[in-house]
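In the working numbering, the protein residues as written are 114 to 597. We treat Cβ as the ideally placed atom computed from N, Cα and C, and that holds for glycine. On a predicted model such as this, the values are computed, not experimentally measured, just so you know. All remarks here apply to the structure that follows.
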Amino acid sequence: MPRSFDANRRAGRAVVAAAAALLAGCSTLPPYHAPSVALPAHYANAPAASTGWAVAAPADGQPLGPWWTIFGEPELDALEARVDVSNQTVKKAVTQLQQARAMVDYQRAGFFPTIAAGAAAQRYRTSQNVLDTSKAGQTLPDYTMGLTASWEPDLFGRIRDATANASASAQASAADLEAVRLAVTSDLAKDYFDLRSLDRQKQLLDDSVTAYAAALKLLQQQLQDGAIDASAVAQAQTQLESTRTRDADVDVVRAQLVHAIATLVGEPASTFTLPPRVEPSNAPDIPAGLPSELLQRRPDIAAAERRVAAANAQIGEAHAAFFPDLVLSASVGLESSFFAPFLTAPSLFWSIGPQLAGTLFDGGKRRATLHGATAQYDGSVADYRQTVLVALQQVEDNLSALQTLASETQSEARAVSAANLSLKLTTNRFDAGAVSYLDVVTAQTIALSNQLQAEDIVQRRMDASVALMKALGGPWKPAAAPAS
Numbered sequence: 114m115p116r117s118f119d120a121n122r123r124a125g126r127a128v129v130a131a132a133a134a135l136l137a138g139c140s141t142l143p144p145y146h147a148p149s150v151a152l153p154a155h156y157a158n159a160p161a162a163s164t165g166w167a168v169a170a171p172a173d174g175q176p177l178g179p180w181w182t183i184f185g186e187p188e189l190d191a192l193e194a195r196v197d198v199s200n201q202t203v204k205k206a207v208t209q210l211q212q213a214r215a216m217v218d219y220q221r222a223g224f225f226p227t228i229a230a231g232a233a234a235q236r237y238r239t240s241q242n243v244l245d246t247s248k249a250g251q252t253l254p255d256y257t258m259g260l261t262a263s264w265e266p267d268l269f270g271r272i273r274d275a276t277a278n279a280s281a282s283a284q285a286s287a288a289d290l291e292a293v294r295l296a297v298t299s300d301l302a303k304d305y306f307d308l309r310s311l312d313r314q315k316q317l318l319d320d321s322v323t324a325y326a327a328a329l330k331l332l333q334q335q336l337q338d339g340a341i342d343a344s345a346v347a348q349a350q351t352q353l354e355s356t357r358t359r360d361a362d363v364d365v366v367r368a369q370l371v372h373a374i375a376t377l378v379g380e381p382a383s384t385f386t387l388p389p390r391v392e393p394s395n396a397p398d399i400p401a402g403l404p405s406e407l408l409q410r411r412p413d414i415a416a417a418e419r420r421v422a423a424a425n426a427q428i429g430e431a432h433a434a435f436f437p438d439l440v441l442s443a444s445v446g447l448e449s450s451f452f453a454p455f456l457t458a459p460s461l462f463w464s465i466g467p468q469l470a471g472t473l474f475d476g477g478k479r480r481a482t483l484h485g486a487t488a489q490y491d492g493s494v495a496d497y498r499q500t501v502l503v504a505l506q507q508v509e510d511n512l513s514a515l516q517t518l519a520s521e522t523q524s525e526a527r528a529v530s531a532a533n534l535s536l537k538l539t540t541n542r543f544d545a546g547a548v549s550y551l552d553v554v555t556a557q558t559i560a561l562s563n564q565l566q567a568e569d570i571v572q573r574r575m576d577a578s579v580a581l582m583k584a585l586g587g588p589w590k591p592a593a594a595p596a597s
């Protein structure tokens, strides 16, 4: 029994749908795999367990939350909380991420048809010298209203590749935002600990100025009594004034650090203050983890890898340019030279039809574009691997620095103790008349120098701890990637 017309039409539709699905499955996007990079099994400068450092055990997720809380500084925590709200560098990175996500939406719109509507009313006159037309020399009105629709099926994956490119770029922008946050919060933490170190140095110098001034007053009285000569007073005067000069220099550097912190938290320097605080700072035990964990924790590494994926998608776009484009278009509307019958059935017009177009010769432009996309991909792979190598170097540098500075802290503490004992003994001998005041000045200078050197080591340890947290990527973990 022959099939009916409806059956034939349904069968035809099924064939067309199957063909469209088959063609839509074609893609010129090369298979993507994250670039391989050689990683060591452990850090060369990771301290042994006896030094108090802990090695993080591999886990499914890294600790979340603000990384700076590991230092236990409530004042620093309050300052860091203002970075996301007020820092203009972070705000700019946020807008760049929003722009990248808008581009993803723009590319995804290519999967859908474009529909436009319009209405027009015009009058036109045909030339009287036109032959073989009844409208020659006449002025006529024309009223039109209609809809047009066009759709380009993604036969060879051009739109899909462009969307994948935009999506990977948006993910890279998200990682860039986290990298900016990490950099700004690290700068803030470093400036904060440098400021507190200056506060402690300022206290040492203030105490020294007070002690030297008292000693000078005593020596001046002894000079009046004829117990000593003027050289001791001159030495004491020189020591006092040079220490005052050094004390004033600390004020200059401290003011600059306060201004820098104000900028990082988004406040004018003229309205921002931080009162001095001299409580000691202690470098925390930071779990270094495994080298492979850098690939998940470092936002700059994540951004570099996503740019490799975007470059891979660009290769697919360049391949798709070698294939033709199919555009399906349709229009429907009403047109009439008289307004009265404008909305009647005879005014209806419509058109529908496909268009297949491809480039036959372009002088090698498409092949050059493909070669350029491939070269860009290779460059992105090199950038990714270099980013990983730099990250490993930064971790090793700061682990080595912390290990060395921990040893320096102990030796400098012994030096401070010995210098203080030497100063005490020398002062007793001077009081007994056994040595000149020059020996006391020398002992005082050595004691103050060692105390400042000990504080400098503390400051460098705190800076290295912040730098290590930055090198490890803090507790950052890549967010879920937008669906492509």
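Check the DSSP bridge columns for residue i and list the partner residues they point to.
i    : result
V440 : Q468
R238 : T252
V445 : L260 and W463
Closer than 7 Å to a non-hydrogen atom of the ligand ADP - does that hold for the CB of residue i?
i    : result
A434 : Questions concerning the ligand ADP fall outside what the structure shown contains, since it holds no ligand whatsoever.
For residue i, is the classification buried or exposed, using 16 other Cβ atoms within 10 angstroms of its Cβ as the cut-off for buried?
i    : result
I228 : exposed
D364 : exposed
N395 : exposed
H146 : exposed
P226 : exposed
K537 : exposed
S578 : buried
L581 : buried
G586 : buried
E193 : buried
K478 : exposed
P412 : buried
W180 : buried
T457 : exposed
R527 : exposed
A584 : buried
D544 : exposed
N541 : exposed
N242 : exposed
E188 : exposed
G429 : buried
P437 : exposed
F462 : exposed
I465 : exposed
P404 : buried
Just curious, the alpha helix (DSSP H) that residue i is in, first and last residue?
i    : result
Q209 : Q201 to R221
R573 : Y550 to L585
L336 : R271 to D338
D54  : As shown, the chain starts at 114 and ends at 597. That puts residue 54 outside it, with no answer to give.
A547 : Careful: A547 lies outside any alpha helix (DSSP H) and carries neither H nor E.
Report the three-state DSSP secondary structure of residue i (helix, strand or coil).
i    : result
V150 : coil
L515 : helix
G231 : strand
H155 : coil
L408 : helix
P187 : helix
L387 : coil
N395 : coil
G485 : helix
S450 : coil
V243 : coil
G402 : coil
E380 : coil
Y497 : helix
E265 : coil
G477 : coil
R419 : helix
F225 : coil
R527 : helix
A458 : helix
A434 : coil
L142 : coil
Taking only beta-carbon atoms, is residue i less than 8 Å away from chain D?
i    : result
V293 : Of the protein chains in the structure, only one exists, and it is not chain D.
Check: Three or more C-beta pairs closer than 8 Å, one from the region 256-269 and one from the region 439-452: is that the case here?
Finding: yes
Notebook entry, point to check: Should the region 421-437 be regarded as contacting the region 482-494, the criterion being three or more beta carbon pairs within less than 8 Å?
Noted result: yes
Notebook entry, point to check: Do three or more CB pairs link the region 202-210 to the region 293-305 at distances below 8 Å?
Noted result: yes
Next item on the list: Kindly confirm or deny that the region 356-374 and the region 316-333 touch, where touching means at least three C-beta pairs closer than 8 Å.
Entry: yes
Check: How do the region 218-225 and the region 262-281 stand: do at least 3 beta-carbon pairs fall below 8 Å, yes or no?
Finding: yes
Notebook entry, point to check: With contact counted as at least three CB pairs below 8 Å, one residue from each stretch, are the region 403-417 and the region 504-522 in contact?
Noted result: yes
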